[in-house]
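Protein chains: 2
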Amino acid sequence: ILSGPALAQTADPLPSWNDGPTKEAIVGFVEKVTEEGGPDYVASADRVATFDNDGTLWLEQPMYTQLAFALDRVKALAPEHPEWKDTQPFKAVLDNDMKTLAASGEKGLVQLIAATHAGMSPEEFQQIVGDWLEQAKDKRFNRRYTDLVYQPMLELLSYMRDNGFTTYIVSGGGIEFLRNFSEPVYGIPPAQVVGSSIETKYEVVDGKPTLLRLPEVHFVDDKEGKPIGINEYIGQRPIAAFGNSDGDYQMLDWTTSGDGTRLGVIVHHTDAEREYAYDRDSTFGRLDKALDDAPAKGWIVVDMKKDWNTVFPPAQ
Amino acid sequence: ILSGPALAQTADPLPSWNDGPTKEAIVGFVEKVTEEGGPDYVASADRVATFDNDGTLWLEQPMYTQLAFALDRVKALAPEHPEWKDTQPFKAVLDNDMKTLAASGEKGLVQLIAATHAGMSPEEFQQIVGDWLEQAKDKRFNRRYTDLVYQPMLELLSYMRDNGFTTYIVSGGGIEFLRNFSEPVYGIPPAQVVGSSIETKYEVVDGKPTLLRLPEVHFVDDKEGKPIGINEYIGQRPIAAFGNSDGDYQMLDWTTSGDGTRLGVIVHHTDAEREYAYDRDSTFGRLDKALDDAPAKGWIVVDMKKDWNTVFPPAQ
Ligand SMILES: [Ca+2]
Ligand SMILES: [Ca+2]
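Below you can see the structure in the form of structure tokens.
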């Protein structure tokens with residue numbers, strides 16, 4: 002009989018991935034860079050892998066989860082802000098009028114973030130996010146958002162870490178929002194999360210030093226911001242990058258154009274039945290140019306419907 | 002006879018620290034927070050320790066090492082810039098006129114950084130810094146700068162990591178300058194370095210994505226910038242912080258005012274013979290208010306002369 006460790010060695014570390022060229026390409030890359038003495042060997046310290054979050058590690062439809070959080074926060078805070086009943090974009094949120102909300106554009110979004118993400122310490126914000134994630138549920142699947150993560154990607158994160166990679170989240174989402182759940186959900190500690198951020202101010206209140214989150218954008222970790230953020234926070238160019246939209250184009254391009262063997266992967270949402278099917282025309286997670294250029298760039302495109310035999314972890 | 006591991010367990014992990022209240026306070030803190038089931042136990046994931054660099058981990062006299070690098074760079078680049086012979090602050094550098102250079106103030110410093118730290122990719126900058134550190138030597142000690150690190154602090158870094166801490170550098174110095182040597186010298190990987198930075202731009206040159214370092218300040222990781230930087234890059238409040246100047250005041254204060262057992266340590270340079278003796282009147286590493294407030298704040302003040310039996314690692 003097989004003992005524990007021997008069994009672990011022979012068991013497939015990626016059981017939710019169907020056999021085929023996609024899985025082969027990913028496993029082949031990991032085997033190449035970890036083969037000591039091989040021509041493509043990369044030392045563990047340089048095995049940096051970066052993962053987009055929305056649409057790559059968890060659900061992003063019918064809207065980004067962080068946007069759902071902001072909308073719920075507006076509703077929760079509305080009693081303290083009677084003026085919101087007549088002020089956009091808050092009125093649109095309270096009326097569930099997504100069309101008017103969308104029309105408020107980036108200016109409206111910044112107002113929403115200012116009202117819901119600023120004015121408290123990072124610790125207080127963590128508490129608010131944690132409480133919300135604990136009880137909020139996606140309507141279609143009737144599950145918590147932290148349950149709507151992709152089982153194949155959870156396996157991939159573990160598989161890469163087991164092979165000496167350090168795994169980072171590099172997301173357009175808010176860095177402190179992500180840090181609330183990255184460790185328990187993905188096994189990625191707070192310091193290995195790169196994301197967008199607002200300004201923070203240091204102040205001493207009643208003799209106690211504290212940080213205050215300000216309603217001003219500090220860094221947007223999207224598109225060209227992703228390589229910039231990786232360089233700033235991680236300080237190394239990744240050898241593998243995973244994304245799902247044109248917002249990941251520059252991260253994939255910068256990663257895969259480095260010397261040596263590199264891996265670029267795009268999660269293509271092709272499964273309307275088990276999850277969603279969208280790409281070029283989606284408001285959230287638009288995938289257009291990166292899909293066109295993937296073959297020439299050598300990026301692997303995951304066909305969710307074909308390549309994944311499971312999408313979400315089984316309900317407990 | 003003692004076997005290897007048994008010997009390691011009984012051997013003093015901090016042999017360069019003399020016995021006395023300073024060493025006892027540091028060791029006592031580590032023992033308390035690692036005692037499973039004890040009242041002060043802290044999980045390994047929360048054992049975050051931050052270390053200032055200049056004057057805390059390595060020499061900062063007669064000037065910051067990064068400033069010595071910038072001055073050498075100006076001299077190396079001078080043949081390509083004949084106009085520097087008549088332009089301040091470059092003329093002052095070329096004339097070794099430190100008084101005029103100092104008078105050029107922050108404006109002059111920013112000009113020096115722009116001329117020596119920007120205009121290349123992060124990889125090219127790494128190469129330049131690495132080449133310089135390889136050959137440049139401190140005049141008084143006739144040793145490379147990376148040899149002029151404090152042996153007791155190297156032991157402390159290892160000791161804390163062996164006790165489940167994650168050790169970070171949090172420096173007013175440039176993040177990409179530090180990342181050149183943090184891993185080989187301190188055992189601290191690039192992603193665990195927080196520092197000051199300049200802006201970076203993403204661009205595609207001849208079809209190749211690349212990053213360009215720009216002559217604009219992005220973040221100053223000093224004074225109130227230290228807690229802000231820690232929150233941004235690490236995402237957790239440290240339970241232990243080590244510094245040597247008033248630039249570390251806010252980091253120490255924010256760290257030690259958190260809940261539970263905390264440790265704040267100040268390295269006081271009191272040894273003119275083996276290193277330097279300076280505090281309230283020093284241009285580099287001025288220590289004044291933090292020294293005054295240390296007793297009331299419960300911060301441990303290391304008396305270099307009394308507490309360290311070795312300052313630098315032995316010459317090889
Ligand atoms: Ca995405
Ligand atoms: Ca210092």
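Top to bottom, those sequences are chains A and B.
So for the first sequence, this note's numbering puts the first residue at 2; every next one is plus one.
So for the second sequence, this note's numbering puts the first residue at 2; every next one is plus one.
For every residue, glycine included, the Cβ atom is placed at its ideal position computed from N, Cα and C.
Residue from the options with nearest C-alpha to residue i
i: K202(A); options: T57(B), V49(B) and K227(B); result: K227(B)
i: L113(B); options: N164(B), Q128(B), L78(B) and W255(B); result: L78(B)
i: M252(B); options: A295(B), I27(B) and Y65(B); result: A295(B)
i: A241(B); options: K24(B), M161(B) and L72(B); result: M161(B)
i: Y42(B); options: T51(B), G29(B) and F52(B); result: G29(B)
i: D319(A); options: P216(A), R287(A), M99(A) and K209(A); result: A query on residue 319(A) cannot be resolved here, the shown segment of chain A reaching from 2 to 317 and no further.
i: P123(B); options: Y234(B), E200(B) and V34(B); result: E200(B)
i: R48(B); options: I27(B), L157(B), D280(B) and V34(B); result: V34(B)
i: F70(B); options: S105(B), Q127(B) and T256(B); result: Q127(B)
i: L213(A); options: A115(A), D260(A) and D249(A); result: A115(A)
i: D254(A); options: F285(A), E233(A), I235(A) and I229(A); result: I229(A)
i: P22(B); options: E204(B), P191(B) and I301(B); result: I301(B)
i: G120(B); options: P40(B), T211(B), R144(B) and S45(B); result: T211(B)
i: T256(A); options: F52(A), A103(A) and L15(A); result: F52(A)
i: V205(B); options: L15(A), Y250(A), F220(A) and M99(A); result: Y250(A)
i: S68(A); options: N97(A), S45(A), L15(A) and D87(A); result: Looking at the sequence shown, residue 68(A) is not Ser but Leu. It is N97(A).
i: Q237(B); options: D260(B), G208(B) and I27(B); result: D260(B)
Beta-carbon contacts of residue i that lie in its chain and below 8 Å, excluding the five residues immediately before and after
i: L179(A); result: N54, I170, S172, V194 and G196
i: V268(A); result: G56, T57, Y151, M154, F243, G244, N245, V303 and M305
i: I176(B); result: V194, V195, G196, S197, S198 and D222
i: Q89(A); result: T101, S105 and G109
i: V75(B); result: W85, F91, V94, L95, L113, A116 and T117
i: P191(B); result: R180, S183 and E184
i: T167(B); result: R48, V49, A50 and Q193
i: P14(B); result: E156, S159, Y160 and D163
Three-way DSSP call (helix, strand, coil) for residue i in this model
i: S85(B); result: The question names Ser, but residue 85(B) in the sequence shown is Trp. Helix.
i: Y234(A); result: helix
i: F70(A); result: helix
i: L95(A); result: helix
i: K1(A); result: Outside the shown range of chain A (2 to 317) lies residue 1(A), about which nothing can therefore be said.
i: P210(B); result: strand
i: A104(A); result: helix
i: K24(A); result: helix
i: Y250(A); result: helix
i: V75(B); result: helix
i: V43(B); result: coil
i: T311(B); result: coil
i: M121(B); result: coil
i: G165(B); result: coil
i: T256(A); result: helix
i: A12(A); result: coil
i: I114(B); result: helix
i: L157(A); result: helix
i: P90(A); result: coil
i: I1(A); result: One cannot answer for residue 1(A) here, as it falls past the ends of chain A, which runs 2 to 317.
Which residues DSSP lists as bridging residue i, in chain order
i: S197(B); result: G175(B)
i: A278(A); result: T271(A)
i: A241(A); result: A50(A) and L264(A)
i: F126(B); result: In the DSSP output, where bridge partners are listed per residue, F126(B) has none listed.
i: I170(A); result: F52(A) and V194(A)
i: D139(B); result: R144(B)
i: V303(B); result: V268(B)
i: E61(A); result: According to DSSP, which records beta bridges pairwise, E61(A) is partnered with nothing at all.
i: F220(B); result: S198(B)
i: E204(B); result: T211(B)
i: V150(B); result: W59(B)
i: W18(B); result: W309(B)
Beta-carbon proximity list for residue i, same chain, < 7 Å, skipping 5 on both sides
i: T147(A); result: L134, F182 and V186
i: N310(A); result: S17 and N19
i: R275(B); result: V312
i: A278(B); result: H270, T271 and D272
Distance cut-off 8 Å: residue i Cβ against heavy atoms of ligand 4
i: T23(B); result: Ligands present in the displayed structure are limited to ligand 1 and ligand 2, and ligand 4 is not among them.
Chain-order list of residues whose beta-carbon lies under 6 Å from that of residue i (same chain, five-residue window excluded)
i: R281(B); result: D289
i: L72(A); result: V94
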